[in-house]
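Trainee: Just dropping this structure here.
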Amino acid sequence: MNQNLKRGLAIGIPLIILGLVLLGFFLRGCFTKTSQAPVTAPGATAPAPGVEKLPPATAETIPPQQPEAPAVTTPAPPQKAAPAPGSASPAPQVTPFPPEKQTEHFGFLVNRYRQYGAASKMQDKLKKQGIYGFIQPSPKHPGLNELWVGPFSDRAQAKAAQKRLRDLHLLKGARKIHQIPGTVPK
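Position one of the sequence shown corresponds to residue 31 (our numbering), numbered consecutively onward.
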């Protein structure tokens, strides 16, 4: 075949297919079946389908309207007298909230990891043993992720978890038990 003919077919066939697809979308959008609703004046309500139109009302068919009940008004609350100029007005009384009770939580650092995935795998191993922890970026060592076990409500629980991890050979060396601040990242 001629090179020009091949090139023309390579360009022409996709263009024809694209045109047919666009034509199909256009025709499908133009000829969709719509319900024929009667046109009504703005503000008027259209009758529901299947409901017959009633004849216009005449003076004989309209019942006399009853007078409306008088409107009920509520008295306004009494207004306080304005303080005399020159006299100090009392400051509004503000009751401060009591400080939140800081609960102590304890935990220990298992290890620091360069890759978050490695820390996550170790966390999964701990979860399978029923010991929960969390991963956070290391505040003292940028680029490292710390895996912490906790929070525990007291030091004794943290020590028991440490012993259990050592017995399972998931923790090596001595780990200091730290007090964990109020909120623990997830």
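Cβ atoms here follow ideal geometry from the backbone N, Cα and C, with glycine treated the same way.
Are ILE161 and ALA149 closer than 8 Å when you measure CB to CB?
Mentor: Contact flag unset, no.
Trainee: For the beta strand (DSSP E) holding GLN209, just list the boundary residues, first then last.
Mentor: Per DSSP, GLN209 belongs to the beta strand (DSSP E) from 207-210.
Trainee: Leaving aside the five residues before and after LYS216 along the sequence, list all residues of the same chain whose C-beta is less than 8 Å from its C-beta, in chain order.
Mentor: The pLDDT assigned to LYS216 is 46, lower than 50, so where the model puts this residue is not dependable; a value taken from the coordinates is nonetheless given after this. PHE164, listed in sequence order.
Trainee: What are the complete beta strand (DSSP E) segments, minimum 3 residues, inside the stretch 137-190?
Mentor: Complete beta strand (DSSP E) runs here, min 3: 163-167, 175-182.
Trainee: Looking at the strands, I want to know which residues DSSP matches up with HIS135.
Mentor: Beta-bridge pairing links HIS135 to ILE210.
Trainee: Rounded to whole angstroms, how far is the Cβ of GLY137 from the Cβ of HIS208, which I believe are closer than 8 Å?
Mentor: Indeed they touch by this definition, with Cβ atoms about 6 Å apart.
Trainee: Using the three-state DSSP reduction, which class does PRO44 fall into: helix, strand or coil?
Mentor: Helix, per DSSP.
Trainee: Which term fits ALA191, buried or exposed, when burial requires 16 or more other beta carbons within 10 angstroms of its beta carbon?
Mentor: It is buried - the Cβ of ALA191 has at least 16 other Cβ atoms within 10 Å.
Trainee: Can you tell which of PRO126, LEU39, ARG142, GLU134 has its C-alpha closest to the C-alpha of LEU201?
Mentor: When each option's Cα is compared against that of LEU201, the closest is ARG142.
Trainee: Return yes when the Cβ of ILE210 is within less than 8 Å of the Cβ of GLY173, no when it is not.
Mentor: No.
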